[in-house]
Amino acid sequence: MEKYIPLKFNPSISIFLWVVILFLGYNLYKSIIGPVEFNQVKRIRYAKVIENLKDIRISELAYQEIEGKFSGNFDSLIQFIDTAKFAITQRRDTSYADVERNRAFGLDAQKGGYYIEEIIVDTLRFASVKDSLFGDSDRYKTMMYIPDVDNKEITEGSKFELQAGKFEKNDVFYSVFEASVAKRLLLSDQDTDLIYQEEQLVSVDGINGPTVRVGTMKDIDTGGNWPKLYDSPKQ
46 MEKYIPLKFN PSISIFLWVV ILFLGYNLYK SIIGPVEFNQ VKRIRYAKVI
96 ENLKDIRISE LAYQEIEGKF SGNFDSLIQF IDTAKFAITQ RRDTSYADVE
146 RNRAFGLDAQ KGGYYIEEII VDTLRFASVK DSLFGDSDRY KTMMYIPDVD
196 NKEITEGSKF ELQAGKFEKN DVFYSVFEAS VAKRLLLSDQ DTDLIYQEEQ
246 LVSVDGINGP TVRVGTMKDI DTGGNWPKLY DSPKQ
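Counting along the sequence shown from 1, when you hit position 40 you're at 85 in this note's numbering, and nothing is skipped either side.
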């Protein structure tokens, strides 16, 4: 014998089914569109961060050229940019007779004797590091701050982590530096599962590892860990 649900219960069941359908539909939509939106957000935020990291890199390279090492302190790095100067030099080759050697062997410098070859470096003038790197811009004074990436969880004035020191390779110590920010901080207002996946990323088209960084304390490398797409004019 067939059983029928009383007519008065049908609206309740229909509403319940519609709620379930809408819930499942929303979850399906989020599972598809969520990663797309996440990738759009991360790319915009990474691009802003990378612009500051590029400024930090050229500042560190200038610091190393003059001071012989990298700086692990933003205050000293900025002071350096404000006050330091590059030496503009000119290299030229020269040669002259090796008098003592020619005398020892009884040779004439004009007839097959020995000559000494030297490279002379002349200092022509000095140029401001600030003007050479940044021209009229003073953006270097704020390069240590994580830029506004539309994430309210990042407080104003938050800084990149900056380290400098030595790295040993083949019994030789090299100066190294690293400026970085955690992906988890930049994306803290996004889906936690997608953040975790992003931290584990290994891809030639992505930023590998848990941080966005320039330089490294673990190798002789002053490059950034981002792909070329972030170096294009559009970025």
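Note that beta-carbon positions come from the ideal geometry of N, C-alpha and C, so glycine has one too.
In this structure, DSSP gives residue 110 a helical state, which the three-state scheme calls helix. Looking at the DSSP output, residue 154 shares a beta bridge with no other residue.
Across the set 164, 127 and 178, the C-alpha of 164 shows the shortest separation from the C-alpha of residue 139. Annotation for residue 135: the continuous beta strand (DSSP E) segment containing it runs 130-142. Taken through DSSP and simplified to helix, strand or coil, residue 205 comes out as coil. Pairing residue 207 with residue 119 gives a Cβ-Cβ distance under 7 Å. Cβ neighbours of residue 185 within its own chain (closer than 8 Å, five residues either side excluded): 100, 104, 123, 126, 175, 178 and 179. Ranking 246, 155, 169 and 232 by CA distance to the CA of residue 199 puts 232 first. DSSP places residue 190 in no alpha helix (DSSP H); its state is neither H nor E. Taking 7 Å as the cut-off, the Cβ atoms of residue 191 and residue 203 count as close. Judged by their CB atoms, residue 205 and residue 226 are nearer to each other than the 7 Å cut-off. Residue 60 sits in a helix when the DSSP states are folded into three classes. Residues of the same chain with a CB within less than 7 Å of the CB of residue 173, apart from the 5 flanking positions on each side, are 130 in chain order. Each of 151, 162, 135 and 263 was checked against the Cα of residue 142, and the nearest Cα belongs to 162. The three-state secondary structure of residue 122, taken from DSSP, is helix. Counting along the chain, no beta strand (DSSP E) covers residue 229; the unbroken alpha helix (DSSP H) around it starts and ends at 228-231.
Sequence-distant partners of residue 236 (beyond 5 residues in either direction) whose C-beta falls short of 8 Å from its own C-beta, in its chain, are 79 and 83. By the CB criterion at 7 Å, residue 166 and residue 146 fall outside the cutoff.
When C-alpha distances from residue 113 are compared across 273, 221 and 60, the shortest belongs to 221. Contact between residue 94 and residue 257 holds: CB atoms are separated by about 5 Å, below the 8 Å threshold. DSSP, reduced to helix, strand and coil, places residue 166 within a strand of the structure shown. By the Cβ-count criterion, residue 132 is exposed, with fewer than 16 other Cβ atoms from all chains shown falling within 10 Å of its own Cβ. The three-state reading of DSSP puts residue 275 in helix, counting H, G and I together.
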